[in-house]
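Below you'll find the structure, written out as structure tokens, and then a few comments.
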């Protein structure tokens, strides 16, 4: 069309709103920029781009009338450092296909989604304070697109931009657009840039007002009556006041703690100008919607969710806003303050908010859209508070874990110097009682004769705490049902989060409360199926022990038990005299007993090498049976996964089997005894062991009888001889060698590696240990070197 067809007058701007283009333009605005030619266009749009970049905003330019090169050149002429802005991510250029024609056609919803996601990603992910997006709109005139959709799209942008930190500028070339279409475009934009002026669009008509179909004259809106103009202006002012209040309240809402959100959310809902508002939260524990806060101008107005709980649930479950235009028909009588209309807006998984009016049909489309925006803001505030709570909780857990780990490191470093069980128990209690939040720590062990748990060490309170404080190991007694005896019996961590209400503490409640203890945790001290007692910690705050802390303390319990086990092993090896026990075991399903019955021969135990999770290597000798007979007998044998022949000589045959279940030999070793001999026949197993003179023989035998009830003691005698195997060598094995060196050396010895000829080669032993031959040689030579150092360095 030629210029003579352009009879549309320049749209008037609200005079008091007119201001220079280089001033800061407020966010949350949707602006139409009307221009005639590139010179007029760039003179109007580039100051906005330049100011946005200087403020640190993210700027997006969608080109159509002009090529990207033309736009970049114009920006250069305007003094904008395009390359630097693009490199910094502050400025980007987009073709019309990206936002408007994603699949070749214009779909308003898809473009709205593109705009919403761009704003979200820019402000949340990229942390920009604001976004300026501008696009050239002539592409809509190519004849393939529905112009009505354009007007709907422009109107929808008002909602998208209304509460977000974004300024959108739609550029329209007046030389290309029909005047009537321009009129509708003007009425869908709250702000207008035209002819060098920038300001509020006096002819802006919210929502469906922009979709008028008066085709009688392109300038018909310019002949509105004064009353119509005033009415439109008042509606605009009211809407802007609501949006301004919404923006202010939303900013405040985003700073509040979770507990304060419901009250402030209700105040935010009152922005709608309603008589009543309330916020209902979903309780995940009870599965109910519960009112958290409400606000009303009338003291006796019923809550909307109270009257229509089914509707509230419907809104919550479907995540759809429910509007009730006339509630009067649902009641036989109504007072002047009863709700006549209302709506329920979902808040995602957090609940709903309700708004009510004492007038029917009080909620028009504009108010409903505003309510949805309020709901989205409240939901975002709850999401933000929830995320912050999760972060705070994770930080607290991390801080607690770091604290516990520091204590464990201190204990671990100190235990290295501890020589006796008494030292270990004392050190553990003292260091734990000195660490927050623990107020009191004690270790108790089982007394088999009295069937009670006896305190061995404690710190934090005096021994008066244990007066009249008996803890039984019997489950059927009241004093045997508390956390200490339960931890000993079940070998699992026991937690009491509140000593006031936990019934298992009834026998000792008065004593516990006198000392101000509010929570406790009992940790079993176990190692290699042996119990070394229970560690119990008390705190003065309820609910202080979480799952993570319980797991870490359980590992501490294992470390303490391992240290006690090592200390008692050292004591055993240093004992000046021993108790020699001879006993028999009959009618047993032990692996060696079953194997002896299977081959009909006598078996002599030679040694055991523990490989932890992979089982153990058990070495034994037979005299009469052939190697083939023994190997055949173990085929499919329960508890044996592999057998190898170490030596096959005329007088005897030596074997090693990988056992996958505990044996009598392993249980004897776990109970700190030294096996002098273990002979197995078809009828019974005969065992001779050495115990240190300090060991309680009854406890040792009772521990074995729990698994082998047909155990009979044959002889007991005290000997002044040293423990079998020299003390110096044994100390090298237990103290100087690493666990791996000890395992390699013992396996080589029992396998006949040091005999001539060798019973097994280095390659065979490496394969049996599941390591490379070079690694086997490395560990073996390291062990030999340490042994020779002990022998010759002191020569």
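Numbering (this note's numbering), first residue to last: 1205 to 1999. Even glycine gets a Cβ: it sits at the ideal position worked out from N, Cα and C. All figures in this text were calculated on a predicted structure; none of them were measured in a lab.
What are the boundary residues of the beta strand (DSSP E) that residue 1728 is part of? Walking along the chain shown from the start, residue 1728 turns up at place 524. Counting along the chain, the beta strand (DSSP E) containing residue 1728 begins and ends at 1723-1731.
Grouping DSSP H, G and I as helix and E and B as strand, with all else coil, what is residue 2007? Because the chain here runs from 1205 to 1999, residue 2007 falls outside it and cannot be looked at.
Taking just the CA atoms, how far does residue 1720 sit from residue 1987? For this step, residue 1987 is matched to residue 783 along the chain shown. For this step, residue 1720 is matched to residue 516 along the chain shown. The alpha-carbon atoms of residue 1987 and residue 1720 are separated by roughly 54 Å.
State the DSSP-derived secondary structure class of residue 1922, mapped to helix, strand or coil. For the purposes of this step, residue 1922 is taken as residue 718 along the chain shown, with counting starting at 1. Residue state, collapsed to three classes: strand.
Hey, how far is the Cα of residue 1325 from the Cα of residue 1576? Against the chain shown, residue 1325 aligns to sequence position 121. Against the chain shown, residue 1576 aligns to sequence position 372. Going from the Cα of residue 1325 to the Cα of residue 1576 covers about 21 Å.
To the nearest angstrom, report how far apart residue 1586 and residue 1450 are at their CA atoms. Taking the chain shown and counting its residues from 1, the one referred to as residue 1586 is at position 382. Taking the chain shown and counting its residues from 1, the one referred to as residue 1450 is at position 246. Each residue's Cα considered, the two are about 16 Å apart.
Based on DSSP bridge pairs, tell me the residues matched to residue 1560. By one-based count along the chain shown, residue 1560 stands at place 356. Bridge partners of residue 1560: 1480, 1546.
Run of the beta strand (DSSP E) containing residue 1896, from where it starts to where it stops: In the chain shown, residue 1896 corresponds to position 692, counting from 1. Element bounds for residue 1896: 1888-1896.
List the residues that DSSP assigns as beta-bridge partners of residue 1162. No answer is possible for residue 1162: the residues shown for the chain start at 1205 and end at 1999.
DSSP three-state assignment for residue 1649, whether helix, strand or coil: Here the question's residue 1649 lines up with position 445 in the chain shown. Correct three-state label for residue 1649: strand.
Considering only the beta carbon of each residue, do residue 1235 and residue 1373 sit closer than 7 Å? Counting from 1 along the chain shown, the entry for residue 1235 is found at position 31. Counting from 1 along the chain shown, the entry for residue 1373 is found at position 169. Yes, the pair counts as a contact, with Cβ atoms nearer than the cut-off.
Where does the unbroken alpha helix (DSSP H) through residue 1609 begin, and where does it stop? As a first step, residue 1609 is located in the chain shown; it is residue number 405 there, counting from the start. Note, residue 1609: alpha helix (DSSP H), 1569-1619.
Count the other C-beta atoms from every protein chain shown that fall within 10 angstroms of the C-beta of residue 1769, then say buried if there are 16 or more, exposed otherwise. Here the question's residue 1769 lines up with position 565 in the chain shown. Buried, by the Cβ-count rule.
For residue 1651, which residues in the same chain have their Cβ closer than 6 Å to its Cβ, ignoring the five residues on either side in sequence? Here residue 1651 corresponds to residue number 447 of the chain shown, with the count starting at 1. Closer than 6 Å at the Cβ level, and outside the excluded window around residue 1651, lie 1658.
From residue 1414 to residue 1390, what distance separates their C-alpha atoms? Numbered from its first residue, the chain shown carries residue 1414 at position 210. Numbered from its first residue, the chain shown carries residue 1390 at position 186. For residue 1414, the pLDDT reaches just 44, beneath the cut-off of 50, and the residue's location in the model is therefore unreliable, leaving the point undetermined.
With 16 as the cutoff for other CB atoms within 10 Å, does residue 1917 come out buried or exposed? Residue numbering aside, residue 1917 sits at position 713 when the chain shown is read from its first letter. Flag for residue 1917 reads exposed.
Exposed or buried, what is residue 1558 when buried is set at 16 or more other beta-carbons lying within 10 Å of its beta-carbon? In the chain shown, residue 1558 corresponds to position 354, counting from 1. Buried, because 16 or more other Cβ atoms sit within 10 Å of the Cβ of residue 1558.
Where the beta strand (DSSP E) through residue 1490 begins and ends: In the chain shown, residue 1490 corresponds to position 286, counting from 1. Neither: residue 1490 is in no beta strand (DSSP E) and is coded neither H nor E.
Quick one: is residue 1427 buried, meaning 16 or more other Cβ sit within 10 Å of its Cβ, or exposed? For the purposes of this step, residue 1427 is identified with residue 223 of the chain shown, where counting begins at 1. Unreliable placement is indicated for residue 1427, whose pLDDT of 34 sits below 50; no coordinate value is reported for it.
So, is residue 1730 buried or exposed, given that buried needs 16 or more other C-beta atoms within 10 angstroms? The count along the chain shown starts at 1 and reaches residue 1730 at position 526. Residue 1730 comes out buried.
Presumed contact (8 Å Cβ cut-off) between residue 1762 and residue 1608, rounded CB distance: Indexing the chain shown from 1 puts residue 1762 at position 558. Indexing the chain shown from 1 puts residue 1608 at position 404. With 8 Å as the limit, residue 1762 and residue 1608 do not qualify as a contact, their Cβ atoms being about 14 Å apart.
Let me know the secondary structure DSSP gives residue 1665 once reduced to three states. Counted from its first residue, the chain shown places residue 1665 at position 461. Looking at residue 1665 - three-state DSSP - the assignment turns out to be coil, as it is neither helix nor strand.
Does the distance from the CB of residue 1697 to the CB of residue 1727 come in under 7 Å? For the purposes of this step, residue 1697 is taken as residue 493 along the chain shown, with counting starting at 1. For the purposes of this step, residue 1727 is taken as residue 523 along the chain shown, with counting starting at 1. A contact, by the Cβ cut-off of 7 Å.
Would you say residue 1870 lies against chain D (beta-carbon separation less than 7 Å)? Of the protein chains in the structure, only one exists, and it is not chain D.
First and last residue of the uninterrupted beta strand (DSSP E) at residue 1388: Translated into positions along the chain shown, residue 1388 becomes position 184. From DSSP, residue 1388 is part of no beta strand (DSSP E) but of the alpha helix (DSSP H) over 1383-1391.
In this structure, how does DSSP classify residue 1324 when only helix, strand and coil are distinguished? Position 120 of the chain shown, counted from the start, is the residue given in the question as residue 1324. The answer is helix: DSSP assigns residue 1324 an H, G or I state.
Where does residue 1962 sit, in a helix, a strand or coil, going by DSSP? Locating residue 1962 in the chain shown gives position 758, where the first residue counts as 1. In this structure, residue 1962 counts as coil in the three-state DSSP scheme.
Which same chain residues end up closer than 7 Å to residue 1625 when comparing Cβ atoms and leaving out the 5 residues on each side of it in sequence? Position 421 of the chain shown, counted from the first residue, corresponds to residue 1625. Excluding residues within five positions, the ones whose Cβ falls inside 7 Å are 1768, 1771, 1772.
From the DSSP output, which residues share a beta bridge with residue 1147? Here the chain covers residues 1205 to 1999 and nothing more, so residue 1147 does not appear.
Does residue 1958 pass the burial test, meaning 16 or more other C-beta atoms within 10 Å, or should it be called exposed? Here residue 1958 corresponds to residue number 754 of the chain shown, with the count starting at 1. Exposed, since its Cβ has fewer than 16 Cβ neighbours within 10 Å.
Which of helix, strand or coil does DSSP assign to residue 1460? Mapped onto the chain shown, residue 1460 falls at position 256. DSSP places residue 1460 in coil when its eight states are reduced to three.
Hey, would you say residue 1571 sits closer than 7 Å to residue 1476, going by beta carbons? Taking the chain shown and counting its residues from 1, one reaches residue 1571 at position 367. Taking the chain shown and counting its residues from 1, one reaches residue 1476 at position 272. Cβ atoms of residue 1571 and residue 1476: closer than 7 Å.
With H, G and I counted as helix, E and B as strand and the rest as coil, what does DSSP make of residue 1954? In the chain shown, the residue the question calls residue 1954 occupies position 750. Helix.
What's the C-alpha gap between residue 1616 and residue 1944? One-based indexing of the chain shown puts residue 1616 at position 412. One-based indexing of the chain shown puts residue 1944 at position 740. Going by the C-alpha atoms only, they are around 21 Å apart.
Please classify residue 1498: is it buried, with 16 or more other beta-carbons within 10 angstroms of its beta-carbon, or exposed? Walking along the chain shown from the start, residue 1498 turns up at place 294. That one is buried.
Runs of alpha helix (DSSP H) wholly within the stretch 1261-1327 (minimum 4 residues, chain order): 1272-1281, 1286-1291, 1312-1324
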